[in-house]
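Take a look at the structure set out below.
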C-alpha cells in the first residue's frame, strides 16, 4: 500500500530528539539509494501515523 508522505503524521509523543547532522545524512542516503525497509504506519480514524 502506498500512502502519500503528506498524509503521514508523527505520533504526538516523541521520546527522543534527533541530531540534525544525522538526519541530513539519513536523508542524503535515502535520496541516493532509496528506502530499504518500509516504515510502519498505523491508521487511526482515517489519519496515518508513522510509528518507526
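Numbering (our numbering), first residue to last: 640 to 691.
Positions of the beta carbon are idealized from the N, C-alpha and C atoms, including for glycine.
These figures come from a predicted structure and were not determined experimentally.
Simplified DSSP state of residue i, which is helix, strand or coil
| i | result |
| --- | --- |
| residue 651 | coil |
| residue 662 | helix |
| residue 671 | helix |
| residue 682 | strand |
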